[in-house]
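Quick note on UniProt numbering: the first sequence kicks off at 1 and runs consecutively.
Just so you know, even glycine gets a beta-carbon here, dropped at the ideal spot from N, CA and C.
Because the structure is a prediction, the values reported are computed rather than measured.
Report on one structure; see the data block that follows.
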Amino acid sequence: LNKGSADAIKLFIGQIPRNLEEKDLKPIFEQFGKIYELTVIKDKYTGMHKGCAFLTYCARESALKAQTALHEQKTLPGMNRPIQVKPADSEGRGEDRKLFVGMLGKQQEDDDVRKMFEPFGRIDECTVLRAPDGTSKGCAFVKFQSHAEAQAAINSLHGSRTLPGASSSLVVKFADTEKERGLRRMQQVASQLAVFSPMTLNLGAYNAYTQALVQQQTLVAQSAYLSPIATVAAVQMQQMAALNGNGIIATPITPITPITPSSATPVPALPPPVGISGYSPVPAAANGQPASETIYTNGIHPYQAQSSAGVLDPLQQAYAGMQHYTGPEGCNIFIYHLPQEFTDSELLQMFLPFGNVISAKVFVDRATNQSKCFGFVSFDNPTSAQTAIQAMNGFQIGMKRLKVQLKRPKDANRPY
DNA sequence: TGTAATT
1 LNKGSADAIK LFIGQIPRNL EEKDLKPIFE QFGKIYELTV IKDKYTGMHK
51 GCAFLTYCAR ESALKAQTAL HEQKTLPGMN RPIQVKPADS EGRGEDRKLF
101 VGMLGKQQED DDVRKMFEPF GRIDECTVLR APDGTSKGCA FVKFQSHAEA
151 QAAINSLHGS RTLPGASSSL VVKFADTEKE RGLRRMQQVA SQLAVFSPMT
201 LNLGAYNAYT QALVQQQTLV AQSAYLSPIA TVAAVQMQQM AALNGNGIIA
251 TPITPITPIT PSSATPVPAL PPPVGISGYS PVPAAANGQP ASETIYTNGI
301 HPYQAQSSAG VLDPLQQAYA GMQHYTGPEG CNIFIYHLPQ EFTDSELLQM
351 FLPFGNVISA KVFVDRATNQ SKCFGFVSFD NPTSAQTAIQ AMNGFQIGMK
401 RLKVQLKRPK DANRPY
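Structure (structure tokens):
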């Protein structure tokens, strides 16, 4: 048999390193059965690897075996979350047969709703939405076993009657998909931000005020207790603040339109715009170091093949060429209480004086695009990390002091 | 307390 059977399940594979292509993934998944189709998901326009894939086995049984053996069970090299193996959204996980029912009466129970929808098909799920205090929100979700049944219910029931206690006629529609919900959330956030139009902020005055504060704070920092190397950082921060107009004092709100795109602002008297240094792509066995050693010394859990010796090799080779996001254990620091407007490049600038920075990352809320005011900096050696911690922990910016510690190791849950 | 992503 060389074709997917009718009942085959298309799987979504998540948490795969972006340097792994179909040929690298194939050996990992082949051990559970013959593969019908395996496709790495790429961006439609840029062709960029999205870190996930679709996989269909010829036999449904293979998909179930792979899911059981791999889902949340293994972590591929360079990833910090376990691999995901589950039916793809397109497999009718539910959204296309799930209905939203609005304009119910407050007194209607799950069973009342169920009775109303039963004539149209088999119901998997029927729930009236309730507030925390148990009172009905006047709406419900009803999930049928098929899209057609759900559609039949819409055709017959939507707008067909007005229930006692409801302000208008019954609403029956397909429930929002995950994507629609996400979009709705983003629109809500956007509309809230729009309340603060740039015109309502006296930006000129704010900047002058900000810069005065920055200078004062920096002087305090320089004169007091900081080591010479931290003073270098302080001066750099002062320059950044003065030049990019963003200020490094946390602002109450960030306007939608940035005053100046800070990342685009050149900063004279500083090292030239620095990329992320270190870890340039290196062939697998460069410097006589086998790729397998790289995996282990880097403190990242490699994917371990259970039996077949052919599985690990392609992975090791692929892994050797990828750029690392974190440094070795003890080289990665966590920085909290960053100014709201600090970007990756500013974080990088702040910590450059302490050593070779492998990466600098400010954590950003994906929904709002706002900084979460913490980030990570990775050095190529533990001494630089310690120096940075000594110099910058407690560093005052505005009303806050930076908290600078070693990044919590993935495995341990010891608090610092 | 680190690129969670659905052709």
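Next item on the list: Give me the Cα-Cα distance between residue 382 and residue 176, rounded to the nearest whole angstrom.
Entry: 49 Å
Note to self: Taking the alpha helix (DSSP H) that residue 18 belongs to, which residues open and close that run?
What the structure shows: Per DSSP, residue 18 belongs to no alpha helix (DSSP H) and is neither H nor E.
Notebook entry, point to check: DSSP three-state call for residue 408: helix, strand or coil?
Noted result: coil
Note to self: Quick check: the Cα distance between residue 453 and residue 384, rounded to an integer number of angstroms?
What the structure shows: Look at the range of the chain in this structure, 1 to 416, and you will see that residue 453 is not part of it.
Checklist line | Member of 338, 74, 142 whose CA lies at the smallest distance from the CA of residue 102 | finding: 142
Margin query: I'd like the list of long-range same chain contacts for residue 163, defined as Cβ closer than 8 Å, with 5 residues on each side in sequence excluded.
Written below: 103, 104, 105, 108, 170
Checklist line | Exposure label - residue 77; buried when at least 16 CB within 10 Å | finding: buried
Item checked: residue 38: first and last residue of the uninterrupted beta strand (DSSP E) it sits in -> 35-42
Next item on the list: Quick one: using the 10 Å Cβ neighbour count with 16 as the cut-off for buried, is residue 37 buried or exposed?
Entry: exposed
Notebook entry, point to check: Mapping DSSP to helix, strand and coil, what is residue 56?
Noted result: strand
Item checked: Beta-carbon separation (whole angstroms), residue 334 vs residue 379, contact threshold 8 Å -> Not quite, the Cβ-Cβ distance comes to about 13 Å (not below 8 Å), so this is no contact.
Margin query: Assuming the contact rule is C-beta atoms closer than 8 Å, residue 56 and residue 11 should be a hit. Round their C-beta distance to whole Å, please.
Written below: 7 Å
Notebook entry, point to check: Between the C-alpha atoms of residue 165 and residue 138, what's the straight-line distance to the nearest angstrom?
Noted result: 9 Å
Next item on the list: Would you mind sorting residue 98 into buried or exposed? The rule is 16 or more other CB atoms within 10 Å of its CB.
Entry: buried
Notebook entry, point to check: With DSSP run on the structure shown, which of helix, strand or coil describes residue 151?
Noted result: helix
Notebook entry, point to check: Taking contact to mean at least 3 C-beta pairs separated by less than 8 Å, is the stretch 22-34 in contact with the stretch 59-66?
Noted result: yes
Next item on the list: With DSSP collapsed to three states, give me the class of residue 83.
Entry: coil
Notebook entry, point to check: Whose CA, out of 374, 116, 408, lies closest to the CA of residue 401?
Noted result: 374
Notebook entry, point to check: Nearest-angstrom Cα distance between residue 236 and residue 361?
Noted result: Confidence at residue 236 is low in this model, with a pLDDT of 49, below 50, so the placement of that residue is unreliable and no value is reported for it.
Margin query: Distance check for residue 74 and residue 14, CA to CA, integer angstroms please.
Written below: 11 Å
Checklist line | Proximity below 8 Å, CB of residue 53 to CB of residue 16 | finding: yes
Check: From residue 135 to residue 147, what distance separates their C-alpha atoms?
Finding: 30 Å
Next item on the list: Could you spell out where the alpha helix (DSSP H) holding residue 333 opens and where it closes?
Entry: Here residue 333 belongs to no alpha helix (DSSP H); instead the beta strand (DSSP E) covers 332-336.
Check: Buried or exposed: residue 119, going by 16 or more other Cβ atoms within 10 Å of its Cβ?
Finding: exposed
Item checked: 8 Å Cβ cutoff met for residue 123 and residue 144 -> yes
Checklist line | Contacting residues, own chain, Cβ-Cβ under 7 Å from residue 18 (five flanking each side not counted) | finding: 49, 51
Checklist line | Segment limits, alpha helix (DSSP H) that includes residue 120 | finding: Looking at the DSSP string, residue 120 is not in any alpha helix (DSSP H), and its letter there is neither H nor E.
Next item on the list: Would you identify the three-state DSSP class for residue 9, choosing helix, strand or coil?
Entry: coil
Next item on the list: Note down the Cα distance separating residue 351 from residue 327, rounded to an integer number of angstroms.
Entry: 15 Å
Notebook entry, point to check: If you draw a straight line from the alpha carbon of residue 8 to that of residue 58, how long is it in whole angstroms?
Noted result: 7 Å
Checklist line | For residue 401, the three-state DSSP class (helix, strand or coil) | finding: strand
Notebook entry, point to check: How long is the line joining the alpha carbons of residue 152 and residue 40, rounded to whole angstroms?
Noted result: 37 Å
Check: Which partner residues does residue 101 have in the DSSP bridge list?
Finding: 140, 172
Notebook entry, point to check: In this structure, does DSSP put residue 127 in helix, strand or coil?
Noted result: strand
Check: Starting from residue 351 and walking both ways along the alpha helix (DSSP H), at which residues does that stretch end?
Finding: 344-351
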